[in-house]
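Structure first, then comments.
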Amino acid sequence: MAEPGTATVRNAAKAVILYDGCVLLQRAHWEGQDCLFLPGGGQEPGEALDATVRREVHEETGLEVVPERLLWLREYIGANHGGAPEDHRVEAIFLCRPEGDPDQLGGHAEDDLQTGLEWVELEKVTGLNLLPQGLRPLIADLAHGELPARYLGDLA
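Under my numbering, the residues of the sequence shown are numbered 83 to 238, in order.
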(Lines of atoms letter the chains of each structure in order from A and count residues from 1; the text may use other names and numbers.)
(Lines give C-alpha, C1' and ligand atoms only; values in the text may rest on other atoms or scores of the structure.)
Protein backbone atom coordinates (compact mmCIF):
# COMPACT_ATOMS: atom_id res chain seq x y z
CA MET A 1 0.00 0.00 0.00
CA ALA A 2 1.30 3.44 -0.90
CA GLU A 3 2.05 6.03 1.75
CA PRO A 4 -0.52 8.87 2.04
CA GLY A 5 0.18 11.48 -0.61
CA THR A 6 2.20 9.04 -2.73
CA ALA A 7 1.01 8.97 -6.30
CA THR A 8 -0.08 5.57 -7.61
CA VAL A 9 -1.89 4.59 -10.76
CA ARG A 10 -5.05 2.52 -10.30
CA ASN A 11 -6.26 0.37 -13.19
CA ALA A 12 -9.95 -0.33 -13.63
CA ALA A 13 -12.32 -1.89 -16.13
CA LYS A 14 -15.78 -0.51 -16.92
CA ALA A 15 -18.61 -1.99 -18.97
CA VAL A 16 -20.91 -0.56 -21.61
CA ILE A 17 -23.60 -3.24 -21.50
CA LEU A 18 -26.10 -2.89 -24.34
CA TYR A 19 -29.51 -4.55 -24.52
CA ASP A 20 -32.53 -3.64 -26.64
CA GLY A 21 -31.31 -0.09 -27.43
CA CYS A 22 -30.40 0.61 -23.80
CA VAL A 23 -27.26 0.78 -21.68
CA LEU A 24 -27.07 -0.44 -18.10
CA LEU A 25 -26.09 2.31 -15.66
CA GLN A 26 -25.41 2.28 -11.95
CA ARG A 27 -27.27 4.90 -9.89
CA ALA A 28 -25.22 6.40 -7.07
CA HIS A 29 -25.10 9.20 -4.54
CA TRP A 30 -21.62 10.71 -4.79
CA GLU A 31 -20.24 14.00 -3.47
CA GLY A 32 -23.72 15.26 -2.59
CA GLN A 33 -25.31 14.53 -5.96
CA ASP A 34 -27.38 11.80 -7.52
CA CYS A 35 -25.54 10.55 -10.57
CA LEU A 36 -24.94 7.57 -12.82
CA PHE A 37 -21.82 5.54 -13.61
CA LEU A 38 -20.90 2.65 -15.84
CA PRO A 39 -20.62 -0.57 -13.83
CA GLY A 40 -17.12 -1.83 -13.19
CA GLY A 41 -14.20 -1.27 -10.88
CA GLY A 42 -10.64 -1.85 -9.84
CA GLN A 43 -8.30 -4.45 -11.22
CA GLU A 44 -6.77 -6.96 -8.79
CA PRO A 45 -3.07 -7.91 -9.07
CA GLY A 46 -2.64 -10.78 -11.51
CA GLU A 47 -6.10 -10.25 -13.04
CA ALA A 48 -6.58 -9.54 -16.75
CA LEU A 49 -8.76 -6.52 -17.52
CA ASP A 50 -11.43 -8.60 -19.27
CA ALA A 51 -11.67 -10.76 -16.13
CA THR A 52 -11.90 -7.58 -14.03
CA VAL A 53 -14.89 -6.29 -15.97
CA ARG A 54 -16.67 -9.66 -15.74
CA ARG A 55 -16.06 -9.90 -11.97
CA GLU A 56 -16.97 -6.30 -11.17
CA VAL A 57 -20.14 -6.32 -13.28
CA HIS A 58 -21.29 -9.55 -11.65
CA GLU A 59 -20.61 -8.18 -8.15
CA GLU A 60 -22.43 -4.90 -8.80
CA THR A 61 -25.30 -6.01 -11.05
CA GLY A 62 -25.67 -9.78 -10.77
CA LEU A 63 -25.22 -10.07 -14.54
CA GLU A 64 -22.79 -12.35 -16.29
CA VAL A 65 -21.30 -10.49 -19.27
CA VAL A 66 -19.08 -11.28 -22.20
CA PRO A 67 -16.59 -8.49 -23.02
CA GLU A 68 -16.75 -8.28 -26.80
CA ARG A 69 -14.15 -5.60 -27.44
CA LEU A 70 -12.35 -2.63 -26.00
CA LEU A 71 -14.22 0.61 -26.76
CA TRP A 72 -12.14 3.25 -25.03
CA LEU A 73 -9.15 3.76 -22.79
CA ARG A 74 -9.64 6.65 -20.38
CA GLU A 75 -7.39 8.31 -17.85
CA TYR A 76 -8.29 10.55 -14.95
CA ILE A 77 -5.51 12.63 -13.41
CA GLY A 78 -6.93 14.27 -10.30
CA ALA A 79 -4.49 17.18 -10.23
CA ASN A 80 -5.77 18.32 -13.64
CA HIS A 81 -9.37 18.53 -12.41
CA GLY A 82 -9.12 20.02 -8.93
CA GLY A 83 -8.82 16.58 -7.34
CA ALA A 84 -6.15 14.93 -5.23
CA PRO A 85 -2.74 15.02 -6.95
CA GLU A 86 -2.20 11.34 -6.11
CA ASP A 87 -5.48 10.29 -7.79
CA HIS A 88 -4.54 8.82 -11.18
CA ARG A 89 -6.78 6.18 -12.77
CA VAL A 90 -6.62 4.30 -16.04
CA GLU A 91 -9.90 2.72 -17.16
CA ALA A 92 -10.40 0.20 -19.93
CA ILE A 93 -14.02 0.51 -21.09
CA PHE A 94 -15.36 -2.63 -22.75
CA LEU A 95 -18.43 -3.20 -24.90
CA CYS A 96 -20.16 -6.13 -23.18
CA ARG A 97 -23.00 -8.48 -24.02
CA PRO A 98 -25.21 -9.72 -21.17
CA GLU A 99 -25.73 -13.45 -20.75
CA GLY A 100 -28.91 -14.78 -19.19
CA ASP A 101 -31.86 -12.55 -18.34
CA PRO A 102 -30.80 -8.87 -18.45
CA ASP A 103 -33.87 -7.91 -16.42
CA GLN A 104 -32.74 -9.97 -13.41
CA LEU A 105 -30.55 -7.37 -11.72
CA GLY A 106 -29.10 -7.32 -8.24
CA GLY A 107 -25.46 -7.69 -7.31
CA HIS A 108 -24.07 -9.34 -4.22
CA ALA A 109 -21.27 -6.83 -3.61
CA GLU A 110 -22.60 -3.43 -4.63
CA ASP A 111 -20.43 -0.35 -4.22
CA ASP A 112 -21.06 1.68 -1.06
CA LEU A 113 -22.32 4.63 -3.12
CA GLN A 114 -24.57 2.52 -5.36
CA THR A 115 -28.31 3.18 -5.00
CA GLY A 116 -29.65 1.13 -7.91
CA LEU A 117 -29.37 -0.02 -11.51
CA GLU A 118 -31.22 1.22 -14.56
CA TRP A 119 -31.48 0.36 -18.25
CA VAL A 120 -31.41 3.74 -20.05
CA GLU A 121 -32.20 4.37 -23.72
CA LEU A 122 -29.00 5.34 -25.52
CA GLU A 123 -30.55 8.51 -26.94
CA LYS A 124 -31.31 9.79 -23.40
CA VAL A 125 -27.79 9.43 -22.02
CA THR A 126 -26.64 12.94 -23.00
CA GLY A 127 -29.31 14.51 -20.76
CA LEU A 128 -28.36 12.54 -17.65
CA ASN A 129 -25.89 13.22 -14.85
CA LEU A 130 -23.64 10.41 -16.06
CA LEU A 131 -20.06 10.72 -14.87
CA PRO A 132 -17.58 11.26 -16.32
CA GLN A 133 -19.46 13.77 -18.45
CA GLY A 134 -17.15 13.22 -21.42
CA LEU A 135 -18.58 9.71 -21.90
CA ARG A 136 -22.16 10.92 -22.48
CA PRO A 137 -21.92 11.70 -26.21
CA LEU A 138 -19.74 8.65 -26.87
CA ILE A 139 -22.26 6.28 -25.28
CA ALA A 140 -25.20 8.00 -27.01
CA ASP A 141 -23.42 7.64 -30.37
CA LEU A 142 -23.47 3.86 -29.94
CA ALA A 143 -27.15 4.04 -30.94
CA HIS A 144 -25.93 4.83 -34.48
CA GLY A 145 -23.38 2.01 -34.69
CA GLU A 146 -20.15 0.97 -33.07
CA LEU A 147 -17.28 3.40 -32.99
CA PRO A 148 -13.62 2.50 -33.42
CA ALA A 149 -11.66 1.95 -30.21
CA ARG A 150 -9.74 5.00 -29.14
CA TYR A 151 -7.67 6.57 -26.41
CA LEU A 152 -9.73 9.29 -24.72
CA GLY A 153 -6.90 10.85 -22.71
CA ASP A 154 -7.47 12.62 -19.39
CA LEU A 155 -11.26 12.79 -19.42
CA ALA A 156 -13.41 14.11 -16.59
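In this text, a Cβ means the ideal position worked out from N, Cα and C, and glycines have one as well.
When secondary structure is reduced to three states using DSSP, D132 falls in the helix class. Take the alpha-carbon of W154 and the one of L118: they are about 18 Å apart.
Its Cα nearest to that of A110, the residue L213 stands out among P219, L213, P149. Within its own chain, the residues whose Cβ lies closer than 7 Å to the Cβ of P219, once the five positions on either side in sequence are excluded, are T208, listed in chain order.
DSSP places D223 in the uninterrupted alpha helix (DSSP H) bounded by 217-223.
Around the beta carbon of A89, fewer than 16 other beta carbons sit within 10 angstroms, so the residue counts as exposed. Put simply, the backbone Cα of V148 is about 5 Å away from that of R179. By the Cβ neighbour-count rule, R156 is buried, with 16 or more other Cβ atoms within 10 Å of its own.
Under the three-pair Cβ rule at 8 Å, the segment 92-104 counts as touching the segment 129-138.
Restricted to the segment 161-213, the beta strand (DSSP E) segments that are unbroken, complete and at least 3 residues in length are 169-181, 196-203, listed in chain order. Rounded to the nearest whole angstrom, the C-alpha separation of G188 and A133 is 19 Å. Where H111 is concerned, the enclosing beta strand (DSSP E) starts and stops at 104-112. Note that the C-beta distance between V202 and L120 is not below 9 Å. Residue pairing for G235: DSSP places it in a beta bridge opposite R156.
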